[in-house]
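Asks: In our numbering, the protein residues as written are 71 to 246. Mind having a look at this structure? Questions to follow.
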Amino acid sequence: MAAIAHLGVGLAAKRIAPDINVGYLILGNYVLDILWFGFAAVGLETWPKQGAAIHPPYWEHSLLMAVVWSVLFGLLAWWLGRRSPHRMHIGVIFGLMVFAHWVVDFITHPMTAVMPTDRGLPLAFSDTPLIGLGLYRTMTAVWVTEIGSVVVGLAIYIWARRRMKQLSATASVTAR
Ligand SMILES: [Zn+2]
Numbered sequence: 071m072a073a074i075a076h077l078g079v080g081l082a083a084k085r086i087a088p089d090i091n092v093g094y095l096i097l098g099n100y101v102l103d104i105l106w107f108g109f110a111a112v113g114l115e116t117w118p119k120q121g122a123a124i125h126p127p128y129w130e131h132s133l134l135m136a137v138v139w140s141v142l143f144g145l146l147a148w149w150l151g152r153r154s155p156h157r158m159h160i161g162v163i164f165g166l167m168v169f170a171h172w173v174v175d176f177i178t179h180p181m182t183a184v185m186p187t188d189r190g191l192p193l194a195f196s197d198t199p200l201i202g203l204g205l206y207r208t209m210t211a212v213w214v215t216e217i218g219s220v221v222v223g224l225a226i227y228i229w230a231r232r233r234m235k236q237l238s239a240t241a242s243v244t245a246r
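Below you can see the structure in the form of structure tokens.
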């Protein structure tokens with residue numbers, strides 16, 4: 071749940087998938103959090119409450135379920151792209167974007183600077199170990215990483231787009 075760092079990753083992904091709309095790349099990076107809101111709304115996950123004990127987010131932020139959702143959403147993108155000759159590429163990239171969210175969360179959780187009760191991401195369901203590198207233990211790390219990743223992601227995005235335009239310009243020149 072590293073709020074805007076996921077946006078930076080989605081923008082930067084334009085470098086590896088210049089043919090896919092950046093909106094989809096960004097959306098993929100938020101799928102697990104969108105699922106979390108849905109599960110919290112129906113009571114499968116718990117909203118963080120001040121001072122109250124909450125269970126770790128199992129249904130979409132455990133390593134096991136993040137892999138499951140990444141595969142399922144990759145398949146969904148592959149199916150939705152059935153008219154495209156690049157559907158395999160679209161499916162793989164979208165699945166990777168969904169999993170990239172988990173990787174960023176793994177690096178940043180437990181984020182005790184913003185959620186004091188956070189103990190990390192579960193491997194699977196109850197009683198499995200909680201893991202995470204805990205980058206967000208200080209507010210300085212939170213701000214530097216959140217803003218830094220968007221700035222870097224945006225720079226990579228602009229560079230990737232410029233490169234793509236140059237390539238298509240050269241391609242049309244040689245075609246003539
Ligand atoms: Zn998250």
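Even glycine gets a Cβ: it sits at the ideal position worked out from N, Cα and C. Quick caveat, the model's predicted, so the values are computed rather than measured.
1) Spatial neighbours of R157 within its chain, please: CB distance less than 7 Å, with the 5 preceding and 5 following residues excluded, ordered by chain position.
2) Do you know offhand how far G161's Cα is from G144's?
3) Below 7 Å, is the gap between the Cβ of H125 and the nearest heavy atom of ligand 1?
4) Using CA atoms only, rank isn't needed, just tell me which of L205, V168, H171 and G165 is closest to A183.
5) Can you check DSSP and say which residues form a bridge with P192?
6) Does the distance between the C-beta of D89 and the nearest non-hydrogen atom of ligand 1 fall short of 7 Å?
7) Should L41 be listed as close to ligand 1, given that the test is whether its C-beta is under 7 Å from any heavy atom?
8) Is V79 closer than 8 Å to G223 when the C-beta atoms are compared?
9) Is D188 near ligand 1, judged by its Cβ being under 7 Å from some heavy atom?
10) How would you write the range of the alpha helix (DSSP H) that W148 sits in, first residue to last?
Replies: According to the data block:
1) Indexing the sequence shown from 1 puts residue 157 at position 87. Contacts found: W148 and G151.
2) The count along the sequence shown starts at 1 and reaches residue 161 at position 91. The count along the sequence shown starts at 1 and reaches residue 144 at position 74. The straight-line gap from Cα to Cα measures roughly 4 Å.
3) Translated into positions along the sequence shown, residue 125 becomes position 55. Checking every heavy atom of ligand 1 against the Cβ of H125, none is found closer than 7 Å.
4) On the sequence shown, residue 183 is found 113 positions in, with the first residue counted as 1. Answer by Cα proximity: L205.
5) Start at 1 with the first residue of the sequence shown, and residue 192 comes out as number 122. Answer by DSSP bridge pairing, in chain order: L200.
6) Numbered from 1 along the sequence shown, position 19 holds the residue referred to as residue 89. No - ligand 1 has no heavy atom lying nearer than 7 Å to the Cβ of D89.
7) One cannot answer for residue 41 here, as it falls past the ends of the chain, which runs 71 to 246.
8) Taking the first residue of the sequence shown as position 1, residue 223 is located at position 153. Taking the first residue of the sequence shown as position 1, residue 79 is located at position 9. For the pair G223 and V79, the CB atoms are nearer than the 8 Å cut-off.
9) Counted from its first residue, the sequence shown places residue 188 at position 118. Every heavy atom of ligand 1 is 7 Å or more from the Cβ of D188, so no.
10) Within the sequence shown, residue 148 is the residue found at index 78, counting from 1. Per DSSP, W148 belongs to the alpha helix (DSSP H) from L133 to L150.
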